[in-house]
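Numbering (mature numbering (1 follows the signal peptide of the UniProt record, and there is no 0)), first residue to last: -21 to -1, 1 to 909. Note that the Cβ used here is the ideal one computed from N, Cα and C, for glycine as well.
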């Protein structure tokens, strides 16, 4: 008991320190207020929006004294087609809650309640419709920040004046609200309900350290939590609840609940902007002391989704008894506008169901922002204006409303089709990146102070109208102007251009071409006529002289040339040193021009290995021996065991591939040998063996620490990323596993064994291939379809990441029981939020939970059933680098005690886990529950 108390105290102190750090990063903006203050009710510091917003006007709400301080002012914006954006700083790829609130107050005179649009970056967040001036309307989104800042924009008023009351940004713990689809979807909060609440008051900070707002189930909004079953009663406790799960709901919320004393809990509520796909959570904690023979078991019933009705919630089993939270999540469920749900006790249960809280988040597809190439040019143009703030109107240039001086196309992503900056005091050279704005049709830069020559704009094949007059541009007119296929108008008068006008510009029939007042500019035909006779005569004389000169040289050479002498050419040429196999390998892989690795004779290898006396490894390919060449280079010599045609193909494949690929994270091939029926490959010797060897402890060495494992993972991922994107055509390894990741003298990782690798064809998305690989690492989709893609390597690498976290082998009856496979075992625990139960015991006390979570998240994404849901290697590298940065900090270490406490927790119910992931497509998420 003393140990457990000490453990709880340690966890509590850690939690308090992390909360303090969390709150310091809160951003709380009181829109319309002109001064900063600290809210005496919730204790948070609020700041004025004057440094964020220069548009609109501040409005004080009259007769609103009963509201919180942050609802005494609002900021109103004009009713027009423009957008008005707040820019908030974020850390890229970190998850946040973004919350905007709206309280209008009383109507005055002939006002009507406002209706307008709310955007996050280019994504339409919500339509804000005010129906009650006294109500606070809350719009909340959970995001993974796509960049170092986000824009929250109000626009497009339909009725009344668009406005905003507060804007808030709340960073989350790294493990919270992770989904497999956060590259393509935000989570819009649809409902967050505290059941059994003692009053109508919401629960938020400081009771919730992440400042989520939990609505009371006593809220009497229309059609909100109606249809309550008879026998529903409230229960509560003052005892502490262990909420150490993935989403960390507040203890205060979990201390209350409703119980269905007649065996049923049922509710109905409206969900705004539904039907839609959602991610839902139910939170259960046993907060009553059940008798020795009492049980509480129940099922969820959703009329539209029978798949979830098969799972039995057993509080005692899944929550490990009293006062501990159990958090099943419903990863992908399609919900209707009117959600009806029930929890019904099972026949063998003595007590009715309980429910502490629910949370429903809608998948909201992220819309494309303006093409980054166009944004770069727009930002450069803004910087050329001394009052650039007036040009940069904030938010995305095209969405939801375009900046005043540009026009955008409806492409995806949006592209800029017109730039209109006439007379805007621009100074400097026209940005050369403008050549990447392929959709540009009109360019109006006249009446400025532009200098320098015209940049290359030959890619702008859609360009129709160009106005560059009345500037200070210099240089010649580029020839591409004459061949732009759609150019109709070109105005360049009153500049300082010089040289000849391209003939194509003069011969083609432009609607308008004005080049006056460029003193150095001329038509080439004018000067040609002036010198035509002189040039003709000069050319004729030079031609005659040149013929005479060449004839004299030939005659002189003929007179001085000695008599022919026959040289003995010999009977043969010296034979090349390459073994015939080298030629066959080169021919079969079309690599004659690229070169093949060095051929090393069998006697040389026998001498280097002392007649193959020191065995250092054995694999499916054959036995590996240590050797040392005459120049002192240490080598690993692999003798092929398989003499079949398949083995020959592996040998040819590896020699051919490794002869043309070179990367610091791929084991280099030094040479090869094919003599006396022996096929041998010679590699650089890797002193520290394989990653598999180093994960597990041995007598002479300790297992790798977490930071070392992360660095090795990063190295291996970079090697695979090079194969996938740095080679042309790309290469798929097909046998990624810990025994094929080798470690050099400095513990840097290199990927090895390319005998099963395949080259992709540039015009194909996959290769039809008989599935090959290693049990436990083999991509199930590849095995089922025989269609090989780079995502097959990603699946295998996900298994490697799970091995790094757990220290376990990929297949083991002893470790995983009936699940047998590390993927199923780890997935069930991670989705439950219990990552600590899969952590290698050696790491306990020496690793940070946030860092582990970052790798666990990406590992589970890698082993998704469908390849389309898996990340690319570039994304995996970023995740590993995130984990390394986290690990180098000072907070959040797992203690061995906490690991033990977690290890007793049960896994999620199979029925919950087996709901398949949604099928992500351009049209959104298609439900895939089975």
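State buried or exposed for residue 800, treating a residue as buried only when at least 16 other CB atoms are found within 10 Å of its CB.
-> Position 821 of the chain shown, counted from the first residue, corresponds to residue 800. Classification of residue 800: buried, given that the 10 Å Cβ count is 16 or more.
On a CA-only basis, which of 261, 826, 319 and 324 is nearest residue 291? Give me that one, please.
-> Translated into positions along the chain shown, residue 291 becomes position 312. When each option's Cα is compared against that of residue 291, the closest is 324.
Continuous alpha helix (DSSP H) assignments of at least 4 residues falling wholly in the segment 214 to 268 | DSSP assignment within the segment 214 to 268 yields the following whole alpha helix (DSSP H) runs of 4 residues or more, N-terminal first: 230 to 233.
DSSP bridge partner residues for residue 657 (one or two, in chain order) | Position 678 of the chain shown holds residue 657. 654, per the DSSP bridge assignment.
Go ahead and pull the three-state DSSP assignment for residue 384.
-> In the chain shown, counting from the first residue as 1, residue 384 sits at position 405. Coil.
Beta carbon of residue 159, beta carbon of residue 848: below 9 Å?
-> Counted from its first residue, the chain shown places residue 159 at position 180. Counted from its first residue, the chain shown places residue 848 at position 869. Yes, Cβ-Cβ distance for residue 159 and residue 848 is below 9 Å.
In three-state DSSP terms, what is residue 605?
-> The residue labelled residue 605 in the question sits at position 626 within the chain shown. Residue state, collapsed to three classes: strand.
Sorted by chain position, which residues of the same chain lie with C-beta nearer than 6 Å to residue 731's C-beta, five sequence neighbours on each side aside?
-> On the chain shown, position 752 is the one that residue 731 refers to. Here the set comprises 646, 719 and 721.
Who are the near neighbours of residue 375 in its chain, counting only those whose CB is closer than 7 Å to its CB and skipping five residues on each side?
-> In the chain shown, counting from the first residue as 1, residue 375 sits at position 396. Only 100, 101, 130, 348 and 349 meet the Cβ criterion.
Buried or exposed by the 16-neighbour rule on C-beta atoms within 10 Å, applied to residue 22 | The residue labelled residue 22 in the question sits at position 43 within the chain shown. Exposed, by the Cβ-count rule.
DSSP puts residue 132 in a beta bridge; with which residues?
-> Your numbering for residue 132 matches position 153 in the chain shown. In the DSSP output, where bridge partners are listed per residue, residue 132 has 64 and 98.
Mind checking whether residue 105 and residue 252 have CB atoms under 9 Å apart?
-> Residue 105 sits at position 126 when you count from the first residue of the chain shown. Residue 252 sits at position 273 when you count from the first residue of the chain shown. The answer is yes: Cβ separation under 9 Å.
Residue span of the alpha helix (DSSP H) that contains residue 860, given as start and end | If you number the chain shown from 1, residue 860 lands on position 881. Counting along the chain, the alpha helix (DSSP H) containing residue 860 begins and ends at 852 to 866.
Secondary structure of residue 806, DSSP reduced to three states = What you label residue 806 is simply residue 827 of the chain shown in a count that begins at 1. It is helical.
Report the three-state DSSP secondary structure of residue 3 (helix, strand or coil).
-> Working through the chain shown from its first residue, we reach residue 3 at position 24. The answer is coil: DSSP assigns residue 3 none of H, G, I, E or B.
Can you give me the start and stop residues for the alpha helix (DSSP H) that residue 354 sits inside?
-> Locating residue 354 in the chain shown gives position 375, where the first residue counts as 1. Element bounds for residue 354: 351 to 362.
Return helix, strand or coil for residue 719, following the three-state DSSP convention.
-> Against the chain shown, residue 719 aligns to sequence position 740. Looking at residue 719 - three-state DSSP - the assignment turns out to be helix.
Tell me whether residue 446 is buried or exposed, calling it buried when 16 or more other Cβ atoms sit within 10 Å of its Cβ.
-> Locating residue 446 in the chain shown gives position 467, where the first residue counts as 1. Answer is buried; the Cβ neighbour count reaches 16.
Buried versus exposed, by CB contacts within 10 Å (16 or more), residue 218 = The residue labelled residue 218 in the question sits at position 239 within the chain shown. Exposed is the call here.
Apply the 10 Å Cβ neighbour rule to residue 643 and answer buried if 16 or more other Cβ atoms are within range, or exposed otherwise.
-> Numbered from 1 along the chain shown, position 664 holds the residue referred to as residue 643. By the neighbour-count criterion, in which 16 or more other beta carbons inside 10 Å mark a residue as buried, residue 643 falls on the exposed side.
Do you know offhand how far residue 923's Cα is from residue 280's?
-> Here the chain covers residues -21 to 909 and nothing more, so residue 923 does not appear.
Is the segment 168 to 178 close to the segment 189 to 206, with three or more CB pairs under 8 Å?
-> Yes, the segment 168 to 178 is in contact with the segment 189 to 206.
Cross-strand partners of residue 123 (DSSP beta bridge) | As a first step, residue 123 is located in the chain shown; it is residue number 144 there, counting from the start. Beta-bridge pairing by DSSP links residue 123 to 74.
Report buried or exposed for residue 78, applying the criterion of at least 16 other Cβ atoms within 10 angstroms of its Cβ.
-> Taking the chain shown and counting its residues from 1, the one referred to as residue 78 is at position 99. Around the beta-carbon of residue 78, 16 or more other beta-carbon atoms lie within 10 Å, marking it buried.
Could you pull the start and end residues of the alpha helix (DSSP H) that residue 823 belongs to?
-> Here residue 823 corresponds to residue number 844 of the chain shown, with the count starting at 1. Premise fails: residue 823 is in no alpha helix (DSSP H) and is neither H nor E.
For the beta strand (DSSP E) holding residue 52, just list the boundary residues, first then last.
-> Sequence index remark: in the chain shown, residue 52 carries index 73 (1-based). Segment 52 to 55, the beta strand (DSSP E) holding residue 52.
Have a look at 38, 485 and 122 and flag the residue whose alpha-carbon is nearest the alpha-carbon of residue 71.
-> In the chain shown, residue 71 corresponds to position 92, counting from 1. Ranking 38, 485 and 122 by CA distance to the CA of residue 71 puts 122 first.
Given residue 166 as reference, the closest of 18, 220, 341 and 263 once Cα atoms are compared | Position 187 of the chain shown holds residue 166. Taking only the C-alpha atoms, the option nearest residue 166 is 341.
Under 7 Å Cβ to Cβ from residue 224, same chain only, skipping five residues before and after it: list those, please.
-> In the chain shown, counting from the first residue as 1, residue 224 sits at position 245. Annotation for residue 224: 304, 306 and 812 place their beta carbon closer than 7 Å to its own, counting only its chain and skipping 5 residues before and after.
So who's on the other strand from residue 277, going by DSSP bridges?
-> Within the chain shown, numbered from 1, the residue matching residue 277 stands at position 298. 292 and 324.
Taking buried to mean at least 16 other C-beta atoms within 10 Å of its own C-beta, is residue 619 buried or exposed?
-> Along the chain shown, read from residue 1 onward, the residue named residue 619 stands at position 640. Within a 10 Å sphere around the beta-carbon of residue 619 sit 16 or more other beta-carbons, which makes this residue buried.
Residue 13 versus residue 144 - alpha carbon distance | As a working mapping, residue 13 is identified with position 34 in the chain shown. As a working mapping, residue 144 is identified with position 165 in the chain shown. Rounded to whole angstroms, residue 13 to residue 144 spans 13 Å at the Cα level.
Endpoints, the beta strand (DSSP E) within which residue 444 is located = As a working mapping, residue 444 is identified with position 465 in the chain shown. Element bounds for residue 444: 444 to 446.
Excluding the 5 residues preceding and the 5 following residue 881 in the sequence, name in chain order all residues of the same chain whose CB lies nearer than 7 Å to its CB.
-> For the purposes of this step, residue 881 is taken as residue 902 along the chain shown, with counting starting at 1. Residue placement at residue 881 is flagged as unreliable, the pLDDT there being 36, under the threshold of 50; a coordinate-derived value is accordingly withheld.
Take residue 216 and list the residues in its own chain whose beta-carbon comes closer than 7 Å to its own, dropping the five residues that flank it on each side.
-> Translated into positions along the chain shown, residue 216 becomes position 237. Answer for residue 216: 234 and 266, listed in chain order.
What are the boundary residues of the beta strand (DSSP E) that residue 431 is part of?
-> On the chain shown, residue 431 is found 452 positions in, with the first residue counted as 1. Unbroken beta strand (DSSP E) run through residue 431: 428 to 431.
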